[in-house]
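Okay, so here's the structure we're looking at.
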Amino acid sequence: MSKVHLRQRSTVTVFLRCLAPRTLRGRLSLVALITATLLMLVLTVAFNAVAQHRLQHQADDELRTRAAAVATTVDTSGTTVRVLETSHDDLLDANVWIYAGRRLLEAPPAASPLTRVANALAERGGRLCVTTDIHRPLRLCSHPIPGGRSAATVVTALDLSPYRSSANTLLLGSLALDAVMLACTYALTRLAVGRALRPVRTMTDQATQWSAVASEERFGSMRHPAELARLGSSLDAILDRIRTLLRHERQLTGELSHELRTPLSRIIAELDWWQTRPRTADQTRATHKVIADAAESMRTICDTLLDDARGGTLTAPGTAEVLHTLHRLTETLDVPGHLTVSTDGERLVAGAPPALLERIVSPLVANACRYARSSVAVHAYRAPDGVRIDVIDDGPGVPPSFTGQLFEPGRRADPRDGHGGAGLGLPLARRLARSAGGEVTHAPGHTPGARFVVSLPAG
């Protein structure tokens, strides 16, 4: 195919696409209109064909009736054919030809062109009918008259103009009816499709509104037709996924802000302390080191939480020496002097990276320091299934009624207790421990204060 033909075909395709309706309502209405047009066209052609056949049959019946009436005036009983005179000769002789064999006996006056057609019918013999157009449409039929020694043929003619006029009237009437039917079909289709799509438009607007505000409303509680019910179920599933993603996003944002608060506070405190008065070079280097360590801690926090948010499992597995990691954690946290870190005396290695171990234990230590009255103890020891770390304080403890909600994000036993916190530390610690194959639990029987246990696999 040449480039010219391809360009022309592309132009026609673009033109047809421009003519096609852009809305589903318009496309369905156009399909219904085209289908109805084809159906009405077939019905109109069939109806008019049957009507014309019926009118021609009526014309032939009229010609045969007239021929039978003329045949009663023809005598074929003798040796010759004789035409008898009657009182209605003028009426019977109008457009009538009588033949004796092939010899013309009588013919209407001033009918020479039709006489040639009548002669041809008489020569062929039998019952025949033909249609001719000589100044006007005419129908001619031959009617043989049997006799004893002689035979005759009567040919009659009929003007088809009234029948053609009736056929044209029927055709115009059917076309007008087709136009009215097509207009009604298009209008009713657009109306029906519009009413059928109205719930879809409403559901779309509601889904957009609900997804923007993370609403708990769903389409499953509403009554819809079967097709729309399936659409509603699909939209409900999408809304649930959007709500889950938004919840995870808010949770990740809250956890990042919760974990980054401590190193950011250290940076701000060091900068404020450094700016209050001139410092020596050693003090400036010490301040820089504290800020660098806090920044590194912030990067580690971001990497750990983002890795957990992406897959929920460790992306960089490793091991950590428990005692060294706990001492480093107490150095980075703003902890009171009554916090003690201890082990059973043996070297403990946990099956989790040091950064992850810090993020697991850090919220527990921060909570213990926040609520403790006089002492906080962090004790690590070996267990049959790995390594355990106990974080114990002598504070008010966890109310028994709140134990079931302790690890739910955003929940606090008493938000008005005067302590800061967003209720995100404990859920984060448990989720990170589980990502490493461990667990964080609360020991409800411990008194006074609270005891949290971190269980991790051994390294």
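17 is the number of the first residue of the sequence shown in this note's numbering; add one for each residue after it. Ideal placement from N, C-alpha and C gives every residue a C-beta, glycine not left out.
Alpha carbon to alpha carbon, how far is residue j from residue i? Give it in angstroms, no decimals.
| i | j | result |
| --- | --- | --- |
| A474 | A366 | 5 Å |
| R180 | T53 | 26 Å |
| Y397 | L280 | 32 Å |
| L342 | A368 | 13 Å |
| F418 | L355 | 26 Å |
| V216 | V58 | 36 Å |
| C200 | S182 | 27 Å |
| L247 | I254 | 11 Å |
| A449 | L44 | 57 Å |
| L46 | F63 | 25 Å |
| E362 | L372 | 22 Å |
| S451 | S471 | 12 Å |
| E233 | R214 | 20 Å |
| A245 | E424 | 34 Å |
| C318 | A308 | 15 Å |
| G461 | A223 | 48 Å |
| D360 | K305 | 32 Å |
| F31 | R206 | Low confidence applies here, because F31 scores a pLDDT of 49, under 50, leaving its location unreliable; read the following figure in that light. Answer to the nearest angstrom: the Cα atoms are 24 Å apart. |
| L120 | T131 | 9 Å |
| A336 | S250 | 46 Å |
| W290 | S390 | 31 Å |
Have a look at the options and flag the residue whose alpha-carbon is nearest the alpha-carbon of residue i.
| i | options | result |
| --- | --- | --- |
| I161 | L120, Q225 and T88 | T88 |
| A84 | I114, L71, V58 and N64 | I114 |
| P178 | W226, H395, R43 and L71 | L71 |
| A167 | G454, T148, T96 and R143 | T96 |
| T220 | L380, V66, G94 and D252 | D252 |
| R80 | T218, V171 and A308 | V171 |
| G420 | P443, D401 and E233 | P443 |
| S93 | D256, E78 and A116 | A116 |
| A192 | R344, R282 and M56 | M56 |
| H159 | G454, R82 and V381 | R82 |
| A382 | E347, A399, P415 and D149 | E347 |
| E78 | G141, V66, V146 and C157 | C157 |
| R259 | S390, A212, E374 and Q225 | Q225 |
| A311 | V456, V394, I284 and S250 | I284 |
| G142 | S128, E122, R118 and I150 | R118 |
| R344 | V394, L198, H69 and M197 | V394 |
Just to confirm before moving on: does the CB-CB distance between residue i and residue j stay below 7 Å?
| i | j | result |
| --- | --- | --- |
| P124 | N111 | yes |
| I376 | A445 | yes |
| R155 | L186 | no |
| A384 | V357 | no |
| V469 | R386 | no |
| G413 | A466 | yes |
| R315 | G210 | no |
| D410 | P370 | no |
| D194 | T60 | yes |
| V86 | V99 | no |
| L364 | V338 | yes |
| A203 | T169 | no |
| P555 | L176 | An answer regarding residue 555 cannot be provided, because it is not within the stretch 17 to 475 covered by the chain. |
| G14 | P379 | This structure cannot settle anything about residue 14, because the visible part of the chain is limited to 17 through 475. |
| V133 | T148 | yes |
Which first and last residues belong to the beta strand (DSSP E) in which residue i is found?
| i | result |
| --- | --- |
| V469 | A466 to L472 |
| L156 | R152 to I161 |
| L120 | R119 to E122 |
| R404 | G402 to D409 |
Check for me: the alpha helix (DSSP H) holding residue i runs from which residue to which?
| i | result |
| --- | --- |
| H73 | L40 to A87 |
| G453 | G453 -> no alpha helix (DSSP H), and no H or E assigned at all. |
| S378 | P370 to Y387 |
| V338 | V338 to T348 |
Name the one or two DSSP bridge partners that residue i has.
| i | result |
| --- | --- |
| S358 | H395 |
| T113 | Before going further, note that residue 113 is Trp rather than Thr in the sequence given. In DSSP, W113 forms a bridge with V171. |
| G142 | Answer by DSSP bridge pairing: none, since G142 is not bridged. |
| V90 | V99 |
So that I know if they touch, is there some Cβ in chain B lying closer than 7 Å to that of residue i?
| i | result |
| --- | --- |
| A167 | Reference to chain B is not applicable here, since this structure consists of a single protein chain. |
At a cut-off of 6 Å, is residue i close to the ligand FMN when judged by its beta-carbon and the heavy atoms of the ligand?
| i | result |
| --- | --- |
| Y397 | Inclusion of the ligand FMN in the displayed structure is not the case, the ligand content being empty and no account of it being possible. |
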